[in-house]
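Sequence positions in the sequence shown follow the working numbering and run 226 to 672. Glycine is no exception: its CB is placed at the ideal position from the N, C-alpha and C atoms. As the structure is a computational prediction, the values presented were derived from the model and not from experiment. Notes for the one structure printed next.
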Amino acid sequence: MGDFRAIADRIAADIASGRLRAGQQLPPQRWFARRHRIAPSTAGRVYSELVRRGLVVGEVGRGTFVRAAPETAQGRALIEEATAAPVNLELNYPVVAGQSELLGHALTPLLRPDVLGEALRPGAATGTPAAREAAARLLALPGWRPGPDRLLFTGNARQAIAAALASLVRPGGRVGVEELTYPLVKEVAARLGVVLVPLAGDGEGGVPPDALRAAHRAAPLSALYLQPTLHNPTSVTMTDARKRELARAVADLDIPVVEDRIWSFLHPDPAPFAAHAPSLTHVVDGLSKRVAPGLTVGFLVVPQGRVEAVAAAVRSGGWSAAGFALEAAVRWVEEGIVARLVEEKRADVTRRQALLAEHLGAFSVRTDPRAYFAWWELPAPWRADTFTAAAAAHGIAVTPGTAFAVDPHRTPDAVRLGLASAPEGELARALRTLAGLAAGGPSGSGG
């Protein structure tokens with residue numbers, strides 16, 4: 226493991242020194258492996274590490290390109306304000322004013338030695354009775370309330386997805402997904418040895434039943450992963466008619482479903498897909514977006530009869546929620562702090578969507594007024610990789626569309642913009658800069 230990181234460090238140094246410039250293409254991985262006398266798999270780890278650090282972007286069929294940090298003016302005093310600091314529109318964790326104080330106040334009782342000792346014990350997949358009741362209340366919607374006895378807990382929503390899939394799909398098994406999907410699901414699938422099968426959509430959200438049936442006929446699907454509400458990255462929400470049609474299809478084919486609802490707190494109206502297919506659907510949610518990513522909990526609502534199987538997957542993966550985080554979550558829910566943060570974040574997203582419309586309204590941007598992200602289909606002749614590199618050269622990090630594409634032969638020339646993390650002033654300036662960059666075309670990007 227150390228070898229590939231050492232090689233990545235050397236490439237990072239070349240980028241920092243300017244020997245590798247923004248937009249410059251790295252050699253194919255096999256050529257890189259021969260040059261450095263390493264295995265192709267090690268070369269792949271080097272490139273993955275560079276992507277993780279935000280130094281390069283890769284697009285299947287086109288190559289890997291440098292995303293250098295913006296230059297800083299020479300001779301600037303260290304005490305001067307860094308006006309050219311990078312703006313990260315890849316990260317997408319909403320934070321509202323006063324959030325830390327609000328959360329910290331509720332944690333004060335946990336710091337008593339007797340209470341803290343209990344909270345620091347290892348957590349169980351099934352949590353505590355208080356946690357199950359609190360989570361059931363938090364996730365409940367008109368027409369759907371999860372039974373507390375069907376709730377499990379993980380360290381975060383990503384681990385909940387991994388546990389659900391691990392309990393449903395053997396290595397080599399096939400999982401149907403939307404053709405653009407959450408990038409970490411691709412990572413989870415790779416680690417579990419699971420094959421993702423992209424299913425083309427039609428604008429109604431989710432997966433058309435005919436596409437699901439055709440894929441299942443070609444080779445049986447072990448599960449289906451969906452984001453029916455505020456799908457990431459397109460922000461499309463599945464229609465009720467589509468939910469009913471798809472529920473009938475999964476019931477006919479007996480295909481279990483993993484429903485990811487991590488952004489659903491921003492769009493409270495739609496009933497979950499689980500309301501239409503309760504015996505097959507595993508609901509994933511969490512507190513990382515509602516509250517904060519640093520001290521979070523993932524929720525799993527599983528069908529009757531599957532609690533022990535999924536709990537075993539949570540335990541074997543080491544994905545149980547920490548006891549302290551679980552106790553904190555219970556207090557935040559019971560004291561109404563989570564509900565208050567949700568309301569404030571709904572107001573916050575409205576302001577950020579207004580900035581998006583102001584600066585990018587002339588472009589082909591797909592979003593929802595309740596979403597903290599937007600899918601920008603770039604104007605020709607921009608490609609996702611070159612635009613991402615050019616944006617990075619201007620101090621702005623965006624996510625190329627290829628990060629979401631499941632089919633390596635379909636690489637959209639689009640980027641996702643995360644609206645949540647940057648302060649509003651920085652976000653406005655970044656969107657204005659990106660609009661000018663897009664309008665000027667690659668020849669005028671300066672990257």
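- Message: Classify glycine 323: buried if its beta carbon has 16 or more other beta carbons within 10 angstroms, exposed otherwise.
- Response: Position 98 of the sequence shown, counted from the start, is the residue given in the question as residue 323. Looking at its Cβ environment, which holds fewer than 16 other Cβ atoms inside 10 Å, glycine 323 is exposed.
- Beta-carbon spacing of valine 432, leucine 449 below 9 angstroms: Translated into the one-based positions of the sequence shown, residue 432 becomes position 207. Translated into the one-based positions of the sequence shown, residue 449 becomes position 224. Going by C-beta atoms, valine 432 is nearer than 9 angstroms to leucine 449.
- Task: Give me the Cβ distance between valine 281 and arginine 270, rounded to the nearest whole Å; I'm assuming they're in contact under 8 angstroms.
- Result: The residue you call residue 281 lines up with position 56 of the sequence shown. The residue you call residue 270 lines up with position 45 of the sequence shown. In fact, because the Cβ distance is near 13 angstroms, the residues do not count as touching under 8 angstroms.
- Message: Does the region 398-408 come into contact with the region 523-540, if we say contact requires no fewer than three beta-carbon pairs (one atom in each stretch) closer than 8 angstroms?
- Response: no
- Item | CB contact flag (phenylalanine 549, leucine 520, <9 angstroms) | Stepping through the sequence shown from its first residue, residue 549 is reached at position 324. Stepping through the sequence shown from its first residue, residue 520 is reached at position 295. Against a cut-off of 9 angstroms, the Cβ pair of leucine 520 and phenylalanine 549 comes out as a contact.
- According to DSSP, what are the bridge partners of glycine 401? For the purposes of this step, residue 401 is taken as residue 176 along the sequence shown, with counting starting at 1. According to DSSP, which records beta bridges pairwise, glycine 401 is partnered with Val422 and Leu449.
- What first and last residue would you give for the beta strand (DSSP E) that runs through histidine 507? Numbered from 1 along the sequence shown, position 282 holds the residue referred to as residue 507. That run of the beta strand (DSSP E) goes 506-511.
- Give the secondary structure of phenylalanine 588 by DSSP, where H, G and I count as helix, E and B as strand, and everything else as coil. Taking the first residue of the sequence shown as position 1, residue 588 is located at position 363. Three-state result, phenylalanine 588: coil.
- Query: Of the residues Asn313, Pro497 and Pro637, which one's Cα is nearest the Cα of serine 489?
  - Reply: The sequence position of residue 489 within the sequence shown is 264, counting from 1. The candidate whose alpha carbon is nearest that of serine 489 is Pro497.
- Item | Inter-stretch contact at 8 angstroms, needing at least 3 Cβ pairs: the region 330-340 / the region 468-487 | no
- Task: With DSSP collapsed to three states, give me the class of tryptophan 557.
- Result: Translated into positions along the sequence shown, residue 557 becomes position 332. DSSP places tryptophan 557 in helix when its eight states are reduced to three.
- Message: Under DSSP, the alpha helix (DSSP H) around leucine 437 begins and ends at which residues?
- Response: Here residue 437 is taken as the residue at index 212 of the sequence shown, counted from 1. Looking at the DSSP string, the run of the alpha helix (DSSP H) that includes leucine 437 is 434-443.
- Item | Burial state of leucine 409, where buried means 16 or more other Cβ atoms lie within 10 Å | Here residue 409 corresponds to residue number 184 of the sequence shown, with the count starting at 1. Leucine 409 comes out exposed.
- Message: Give me, in chain order, the residues of the same chain whose beta-carbon lies closer than 7 angstroms to that of leucine 303; leave out the 5 immediate sequence neighbours on both sides.
- Response: Residue mapping note: residue 303 aligns to position 78 of the sequence shown, counting from 1. For leucine 303, the predicted model reports a pLDDT of 32, less than 50, meaning its position is unreliable; a value from the coordinates is still stated below. Excluding positions up to five away in sequence, the list is empty.
- Message: Can you check which of these residues, Ala443, Pro354, Ala231 and Tyr318, is closest to glycine 372 by C-alpha distance?
- Response: The sequence position of residue 372 within the sequence shown is 147, counting from 1. Answer by Cα proximity: Pro354.
- Task: Can you check the region 321-405 for any alpha helix (DSSP H) of at least 4 residues that lies completely inside it and give the ranges in chain order?
- Result: 324-332, 338-344, 354-364 and 382-393
- Pairwise C-alpha distance: serine 447 and arginine 416: Walking along the sequence shown from the start, residue 416 turns up at place 191. Walking along the sequence shown from the start, residue 447 turns up at place 222. Going by the C-alpha atoms only, they are around 16 angstroms apart.
- Message: Short of 8 angstroms in beta carbon distance, which residues of its chain neighbour leucine 581, apart from the five on each side in sequence? Order them along the chain.
- Response: Counting from one through the sequence shown, the residue named residue 581 turns up at place 356. If we look at leucine 581 and ignore the five residues flanking it on each side, its Cβ neighbours are Val590, Thr592, Ala599, Leu642, Leu644 and Leu656.
- Presumed contact (8 angstroms Cβ cut-off) between leucine 405 and proline 458, rounded CB distance: Residue 405 sits at position 180 when you count from the first residue of the sequence shown. Residue 458 sits at position 233 when you count from the first residue of the sequence shown. Confirmed, Cβ separation roughly 6 angstroms.
- Task: Would you please state the rounded distance, in angstroms, between the beta carbons of aspartate 673 and valine 509? I believe it to be under 8 angstroms.
- Result: Given that the chain is displayed from residue 226 to residue 672, the structure contains no residue 673 and the question cannot be resolved.
- Message: Given this structure, state the Cα-to-Cα distance separating histidine 661 from arginine 635, to the nearest angstrom.
- Response: On the sequence shown, position 436 is the one that residue 661 refers to. On the sequence shown, position 410 is the one that residue 635 refers to. Per the sequence shown, the amino acid found at residue 661 is glycine instead of histidine. C-alpha separation (whole angstroms): 27 angstroms.
- Would you identify the three-state DSSP class for proline 667, choosing helix, strand or coil? Here residue 667 is taken as the residue at index 442 of the sequence shown, counted from 1. Helix at proline 667.
- Item | For alanine 538, the first and last residue of its enclosing alpha helix (DSSP H) | Here the question's residue 538 lines up with position 313 in the sequence shown. 532-542 is the span of the alpha helix (DSSP H), which, as asked, contains alanine 538.
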